[in-house]
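Worksheet for the structure shown next.
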Amino acid sequence: MMSKITPQNDNVMMGLFALAILTMPIWLMPIGASYPDLMQKFAIFGIFAIGFNILFGLTGYLSFGHAAFLGVGSYTAVWSFKLLSMNVVPAVIFAVLVAGAFSFLIGFISLRRSGIYFSILTLAFAQMSYNLAYSVLTPITNGETGLQLAKSDPRIVDAMFVEVGAGIPSTNFFGIAMSGYSGFYFCAVLLIIGFYLSLRITRSPFGMMLKAIKSNQNRMSYTGLNTRPYALTAFVISGMYAGLAGSLLAVTDPLAGAERMQWTASGEVVLMTILGGVGTLLGPMLGAVIIKYFENIFSAFNESTLNNIFAFLPDGLQDVVVSVVGLFVGEGWHLTLGLLFMVIVIYLPGGLVEGAQRIRAYVLKKREKKSATSHQPQIAE
Amino acid sequence: MDEIKKGVSRRGVLKGGTALAAGLAAPTFFMRNVFGADFRNNPGDGGTVTFGFNVPQTGAYADEGADELRAYQLAVKHINGEGDGGLLNTMQPLALKGDGVLGKKVVYVTGDTQTKSDAARASAKRMIEKDGVIMYSGGSSSGVAIAQQSLAQEMGIVFMNGLTHSNDTTGKDKRRYGFRHFFNAYMSGAALGPVLESEMGKERRAYHLTADYTWGWTQEESIKNTTEGLGWQTANAVKTPLGAGDFSQYITPVLNSGADVLILNHYGKDMINSLTQAVQFGLRDKQVNGKDFQIVVPLYSRLMAQGAGENIKGIFGTTNWNWSLQDAGSQAFVKSFGQEYGFPPSQAAHTCYVQTLLYANACQMAGTFYPPEVIKALEGFEFDGMGNGKTLYRAEDHQCFKDVLVVKGNDNPTSQFDLLEVVQEVPRSQVEYDASIFGGELGPYEV
Amino acid sequence: MDTLALQLLNGLDKGGAYALIALGLTLIFGTLGVVNFAHGALFMLGAFCAVTVQKLLTISVKVKDESITFFEAYKEVPYLETWFGETGTIIIDYSVPISILLAIPIMLIIGLVMERGLIQRFYKRTHAEQILVTFGLAIVIQELVKANFGANPIPTPAPDVVAGSANIGAWLGLGNTVVYPWWRLIYLAFAAVVIAGVFSFLQFTTFGMVVRAGMQDRETVGLLGIDIQRRFSIVFGLAAVVAGLAGVMYTPILPPDYHMGMDFLVLSFVVVVVGGMGSLGGAVAAGFLLGILQSFASMNEVKSILPGIDQIIIYLVAVVILLVRPRGLLGRKGVMEN
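Each protein sequence line maps, in turn, to chains A, B and C.
Here the first sequence stands for residues 108 to 488, where the numbers follow my numbering.
Here the second sequence stands for residues 582 to 1028, where the numbers follow my numbering.
Here the third sequence stands for residues 42 to 379, where the numbers follow my numbering.
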């Protein structure tokens, strides 16, 4: 992303990223997105997409089943709240571990195949998980209604230390309730850590190995190297990211539903990653933010909101404008999303990040010309 | 499987708690009740109060959601004293004055649940955290309704259920902050019983096809209890995957099973498909055990009837309300809705409209928006003139008790909306039950 | 016995639908190398051809119901019926078969426009980008249909003549227990004819020969001075027609709604991959195989031993087949493997 890959540039990027995330409540204000729930979703799906990108962006293996790990993470976390404690730390740890184990199992089998065969294997596993969670596994997942907390849950650890309150207790981080802004900051810190890890992985020899798998797996095999353990490690790591994201969904809102595992949810993270830019560091995060923003803000415009917005227009014109714009917002927000996908991928093949790079390159070029220096700018990836 | 949870006696034994949270330093901006009577999204001295309407705008129930939204908009108009006043003219007792609620004009925000629990809760949280709603409402699926209702309890914002039919909503998963005007599967069963008996006799063998998730199960259980009480046998009860599309593999076994009644515990698209296909397989024309084969759809809606077309003719079911009712309340509502939008309201629209009015009225009665007081005003509230006869909001489970309609698909519709024919208005006394049979716990007033 | 026979018919019927959609998808994969996530949308558009024809045929005089004053309630009497009486009623009754005639040119045009206008820009792009753009297109198509026709399914019945059931058991001397709806039998026969048609087109015409050669080795065919591109565009149109016809014919079984394409999308991808990428025969075989297995897995006898098996059978079979046969049933090496 930076013009050169150097430790200094990476540190600058890391710092800027952390700053941007932590100041979200301020700079998202003008676009109406600075309320806790949406920012939590930004951070959580950012983690999900960044993790997904470690697999897809680096190794090129396109998984269509990552939502299963997200779902497993959520279920684990809620069970941890139900059985052990409302403290989020064990919930997050267990969720990451269980999702990791689950992704190891599925990855171990699915990675025996590559290309679209791999994609369909992961899709099949995720759909099986979803269908079973929705129906026969209801004793564990509470099916359609979703796994919820109940006042009568044992909560063994909590029961040893605290008295029972009147209602269902809320999730907490050593006493700090995990709803609202504190929930967001908790997610944000984990997002920054997740981003840092993904940066380190990308820059490490292991990351180079993964990229080598992407560019030419055959050649790797000819050199006598077994690539599968590397791919499997990447798969498990991204599965753990998904599990972390899933657990955070439960942390900020203690309910886990099967629909989190449906293929559309797996598809969503694929779309986020491609939209932002596959294989880039910032792209997936960007894609996640855009899709969640559309889902939550665009869907909320209704006729009366639009009428208010366009009230300055003359009456006849106002009606026309409102009815045209109304096609794209409110119940039509899917249409806008579909068009956005098409426009971006047609004009910016590499996703939004490529768009940014192009602008940057264009600006740099102009500047180069002006200053007439001799060396060419180097655009990384 | 939920038997264990039902035991109220376990309450005292099992512990839960987060009191840890209470004592420690939590920044005040997410603490509620900092100043006694202050509460989340208190409209305070502002001139307006905001309601949130959270309905499916995309996905399979988008049309139903659109109709609900129309009803909400109409309700807001009427509460604010615009239009012809609708049910404000017939509702009794009425505290509202047609000048908003407690002198504040009602404004509203909308959101898309996508008929998914996660999306619905995200949308509801947006309403609560960003738009500052004092109440939100919506429906079309029980799972989604229950998810929103538990959020309501966590957030301390009242949720008025729209269309949700599962027993769990006001049973095992009931909440202090959730209220349901719509009827439930138990009432469907209880209302259908006598009609099925008089239409089909006491010796029948029923075959259930049931959507394989919680709503389907509670309905199957309720209907089975009723029919077996009549002396019917149950030939089989088969679970079908949600959204199966083609149900042929579940319908063919019915053909030679010896059953003479098929009960479709499906809703929405599943019901449209399974009914269309069951009729295609010739079930309606069959004779089994010397009787005409019958199909029953316990929960009907107009949109489903539209989607299934000719196939619904003569098929029995229940519904919460139908626009063809002749009482003053129904007439008033159909009139203002029809004049506003050019067609009659669906039962989903009706329940959503009524819920909005009931909430607003309760605030007016309580003299405050403070949720515990509003909840107390709604609990045990008895009213009339809203289209279902004398109705009680039962305090124990926040379920409305009122007459239930048994309907059948109209053989000879006089217009494009005349799809369902009311066979019987089953009186409230016949569908009542003890609140304790489904277990569950409402939870505290103060959260 | 009769139960098994019926389930076999159910399976073949379902399989017919799967095979038709998968066939088109494979044609596009094999020739153009494009992952077409908008294929389900083409299926749905086909179904809405039937809806449109029905709507056109039933344009009506509206006879107002005077008893209702609050809104416009009316009984619709289609013009066709007022003009032609009985004949008009019969024409309306046949709206689904009639719409087949309309669907062929319309779907061909839609297919060609889609290929020329959008897909052709994506031949050289990565599969990920193809997925994103076609998925976006599918959403757009879907939303436009929703804006026009609403989200609720629309009933589109089969003609009355074939609304009943055929007593197959009696024909075969199995007694009266094997009866099956005429329309579903017609669907099966129709699927067989379309599949046979596509295969013979590719097998016995020069055009088909070139296309098959192109699927094997695009570069060499190009070097021979053949404009493979133009032919591939037509193949895309053909695939759209096949998907559209599958949709039209399916409407009496499944009242169409705007989302039906998405419901079939994932399933048809599974079918294509289980069949083996780039293999038309594989796609058809896998379609029928999965359809039949799905039917049998839904039998009570099976479900009582393996609860929930009908929910996952398709995916389970897909996993097993892909693990036993690396490239699906009949896939070729090197197609879409990296």
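For every residue, glycine included, the Cβ atom is placed at its ideal position computed from N, Cα and C.
This structure is a prediction, so every number in the text was calculated from the model and none was measured.
Q: Please check if any C-beta of chain C sits within less than 8 Å of the C-beta of Glu-801(B).
A: Within the second sequence, the letter at position 220 stands for residue 801(B). Proximity of Glu-801(B) to chain C, defined by a Cβ-Cβ separation below 8 Å, is not satisfied.
Q) Of the residues that make up the region 883-915 of chain B, which ones have a beta carbon closer than 7 Å to any beta carbon in chain C? A) Within the region 883-915 of chain B, the qualifying residues are Leu-884, Gln-887, Gly-888, Ala-889, Gly-890, Glu-891 and Val-915.
Q: Could you check how far apart the C-beta atoms of Gly-57(C) and Leu-229(C) are, in whole angstroms? I think they sit under 8 Å.
A: Position 16 of the third sequence, counted from the first residue, corresponds to residue 57(C). Position 188 of the third sequence, counted from the first residue, corresponds to residue 229(C). Yes, they are in contact, since the Cβ atoms of Gly-57(C) and Leu-229(C) sit about 5 Å apart, within 8 Å.
Q: Could you tell me whether any Cβ in chain B is nearer than 8 Å to the Cβ of Lys-187(C)?
A: On the third sequence, residue 187(C) is found 146 positions in, with the first residue counted as 1. Yes, Lys-187(C) counts as interfacial toward chain B.
(Q) Let me check understanding here. Comparing Cα to Cα, which of Leu-264(C), Ala-237(C), Tyr-299(C) and Val-202(C) lies closest to Trp-224(C)? (A) Your numbering for residue 224(C) matches position 183 in the third sequence. Measuring from the Cα of Trp-224(C), the nearest candidate turns out to be Val-202(C).
Q: Classify Asn-742(B) as buried or exposed, calling it buried when 16 or more other Cβ atoms lie within 10 Å of its own Cβ.
A: Numbered from 1 along the second sequence, position 161 holds the residue referred to as residue 742(B). Result: buried.
Q. Going along chain B, which residues have a C-beta under 8 Å from Glu-117(C)?
A. Counting from 1 along the third sequence, the entry for residue 117(C) is found at position 76. Here the neighbours are Gln-997.
Q: Determine the DSSP secondary structure at Gln-369(A), reduced to helix, strand or coil.
A: In the first sequence, the residue the question calls residue 369(A) occupies position 262. In this structure, Gln-369(A) counts as coil in the three-state DSSP scheme.
Q: Starting from Asn-194(A), follow the beta strand (DSSP E) in both directions and report where the run begins and ends.
A: Your numbering for residue 194(A) matches position 87 in the first sequence. Taken as a continuous stretch (DSSP letters only), Asn-194(A) belongs to no beta strand (DSSP E), as it is neither H nor E.
Q | Three-state class that DSSP yields for His-441(A) in the structure shown | A | Taking the first residue of the first sequence as position 1, residue 441(A) is located at position 334. Three-state DSSP puts His-441(A) in a helix.
(Q) Going by C-alpha to C-alpha distance, which of Val-92(C), Leu-363(C), Glu-342(C) and Arg-373(C) sits closest to Leu-191(C)? (A) Residue numbering aside, residue 191(C) sits at position 150 when the third sequence is read from its first letter. Correcting the residue type first, residue 191(C) is Gly in the shown sequence and not Leu. It is Val-92(C) whose Cα lies nearest to the Cα of Gly-191(C).
(Q) Could you check whether Leu-790(B) and Leu-843(B) sit closer than 8 Å to each other, using their CB atoms as the reference points? (A) Here residue 843(B) refers to the residue found at position 262 when the second sequence is read from its first residue. Here residue 790(B) refers to the residue found at position 209 when the second sequence is read from its first residue. It is a contact, given that the beta carbons lie within the stated cut-off.
(Q) Please return the same chain residues whose Cβ sits closer than 8 Å to the Cβ of Ser-829(B), not counting the five positions on each side in sequence. (A) In the second sequence, counting from the first residue as 1, residue 829(B) sits at position 248. Cβ-Cβ distances below 8 Å link Ser-829(B) to Gln-858 and Phe-862 in the same chain, with the five nearest sequence neighbours on each side left out; the list follows chain order.
(Q) Let me check understanding here. Comparing Cα to Cα, which of Val-186(C), Gly-81(C) and Leu-321(C) lies closest to Ala-237(C)? (A) The residue given as residue 237(C) occupies position 196 in the third sequence. It is Leu-321(C) whose Cα lies nearest to the Cα of Ala-237(C).
Q: Answer yes or no: do Asn-661(B) and Lys-686(B) have a C-beta to C-beta separation smaller than 8 Å?
A: By 1-based counting over the second sequence, the position of residue 661(B) is 80. By 1-based counting over the second sequence, the position of residue 686(B) is 105. By the CB criterion at 8 Å, Asn-661(B) and Lys-686(B) fall inside the cutoff.
Q | Within chain A, partners of Arg-707(B) - CB distance below 7 Å | A | By 1-based counting over the second sequence, the position of residue 707(B) is 126. For Arg-707(B), the neighbours in chain A by C-beta distance under 7 Å run, in chain order, Tyr-142, Asp-144, Leu-145, Asn-403 and Ala-407.
Q. So with Cβ pairs under 8 Å, would you call Gln-234(A) a contact of chain B?
A. Against the first sequence, residue 234(A) aligns to sequence position 127. For Gln-234(A), the answer is no, since every Cβ of chain B falls outside 8 Å of its Cβ.
Q | Burial state of Ala-60(C), where buried means 16 or more other Cβ atoms lie within 10 Å | A | Position 19 of the third sequence, counted from the first residue, corresponds to residue 60(C). Classification for Ala-60(C): buried.
Q. In chain order, what residues of the same chain have a beta carbon less than 7 Å from the beta carbon of Tyr-241(A), not counting five sequence neighbours either side?
A. Position 134 of the first sequence holds residue 241(A). Taken in chain order, the residues that qualify are Gly-250, Glu-251 and Ala-365.
Q) Whose CA, out of His-173(A), Thr-130(A) and Lys-148(A), lies closest to the CA of Met-347(A)? A) Counting from 1 along the first sequence, the entry for residue 347(A) is found at position 240. Restricting attention to His-173(A), Thr-130(A) and Lys-148(A), the CA atom closest to the CA of Met-347(A) is found in His-173(A).
Q: Can you give me the Cβ contacts of Met-946(B) inside the same chain, cut-off strictly under 6 Å, excluding the 5 residues immediately before and after it?
A: The residue labelled residue 946(B) in the question sits at position 365 within the second sequence. Here the set comprises Ala-676 and Ala-958.
Q.
Residues in the same chain with beta-carbon distance under 7 Å from Phe-281(A), minus the five sequence neighbours each way, listed in chain order, please.
A. Along the first sequence, one-based indexing puts residue 281(A) at 174. Cβ neighbours of Phe-281(A) beyond the five flanking positions: Asn-194.
Q) Should Pro-674(B) be labelled buried (16 or more other beta-carbon atoms within 10 Å of its own) or exposed? A) One-based indexing of the second sequence puts residue 674(B) at position 93. Flag for Pro-674(B) reads exposed.
(Q) Rounded to the nearest angstrom, what separates Arg-591(B) and Ser-731(B) at their Cα positions? (A) Indexing the second sequence from 1 puts residue 591(B) at position 10. Indexing the second sequence from 1 puts residue 731(B) at position 150. With a pLDDT of only 35 at Arg-591(B), under the threshold of 50, the placement of this residue in the model should not be trusted, and no figure is reported.
Q: Provide the residue span of the alpha helix (DSSP H) that contains Gln-147(A), from first to last.
A: The count along the first sequence starts at 1 and reaches residue 147(A) at position 40. Element bounds for Gln-147(A): 143-166.
Q.
In this structure, how does DSSP classify Pro-222(C) when only helix, strand and coil are distinguished?
A. Locating residue 222(C) in the third sequence gives position 181, where the first residue counts as 1. Looking at Pro-222(C) - three-state DSSP - the assignment turns out to be strand.
Q. In the DSSP assignment, what residue or residues form a beta bridge with Glu-117(C)?
A. As a first step, residue 117(C) is located in the third sequence; it is residue number 76 there, counting from the start. Within the DSSP secondary-structure output, Glu-117(C) pairs in a beta bridge with Lys-103(C).
Q | Contacts that Gln-335(C) makes with chain B (C-beta to C-beta distance below 8 Å) | A | Here residue 335(C) refers to the residue found at position 294 of the third sequence. In chain order: Gln-830.
Q: Out of Gln-997(B), Gly-1020(B) and Thr-937(B), state which residue places its alpha-carbon closest to the alpha-carbon of His-762(B).
A: Position 181 of the second sequence, counting from 1, holds the residue named residue 762(B). Residue Thr-937(B) is the option with its Cα nearest to His-762(B).
Q: Provide the residue span of the alpha helix (DSSP H) that contains Val-404(A), from first to last.
A: Working through the first sequence from its first residue, we reach residue 404(A) at position 297. Sequence check: residue 404(A) is Ile here, not Val. Looking at the DSSP string, the run of the alpha helix (DSSP H) that includes Ile-404(A) is 390-404.
Q) Considering only residues of the same chain and omitting the five flanking positions on each side of Ala-816(B), which have a CB-CB separation below 7 Å? A) Translated into the one-based positions of the second sequence, residue 816(B) becomes position 235. For Ala-816(B), the CB contacts under 7 Å within the same chain, skipping 5 residues up- and downstream, are Arg-786, Ala-787, Tyr-788, Ser-838, Gly-839 and Ala-840 in chain order.
**Q.** contact_flag[the region 919-928 of chain B, the region 687-703 of chain B] where n(CB pairs < 8 Å) is 3 or more
**A.** The region 919-928 of chain B vs the region 687-703 of chain B: no contact.
Q: Please classify Ala-284(A): does DSSP put it in a helix, a strand, or coil?
A: In the first sequence, residue 284(A) corresponds to position 177, counting from 1. In the three-state reduction of the DSSP assignment, Ala-284(A) falls in the strand class.
Q. How many Å lie between Leu-331(C) and Gly-316(C) at the Cα?
A. Working through the third sequence from its first residue, we reach residue 331(C) at position 290. Working through the third sequence from its first residue, we reach residue 316(C) at position 275. Leu-331(C) and Gly-316(C) have their C-alpha atoms spaced approximately 10 Å apart.
Q) Among Phe-962(B), Phe-918(B) and Gln-997(B), which one has its Cα closest to the Cα of Val-657(B)? A) Taking the second sequence and counting its residues from 1, the one referred to as residue 657(B) is at position 76. In terms of CA proximity to Val-657(B), Phe-918(B) leads the group Phe-962(B), Phe-918(B) and Gln-997(B).
Q.
Let's test the definition: count the other Cβ atoms within 10 Å of the Cβ of Glu-809(B) and tell me whether it reaches 16, buried, or not, exposed.
A. Here residue 809(B) refers to the residue found at position 228 when the second sequence is read from its first residue. By the beta-carbon neighbour count (other beta carbons within 10 angstroms, threshold 16), Glu-809(B) is exposed.
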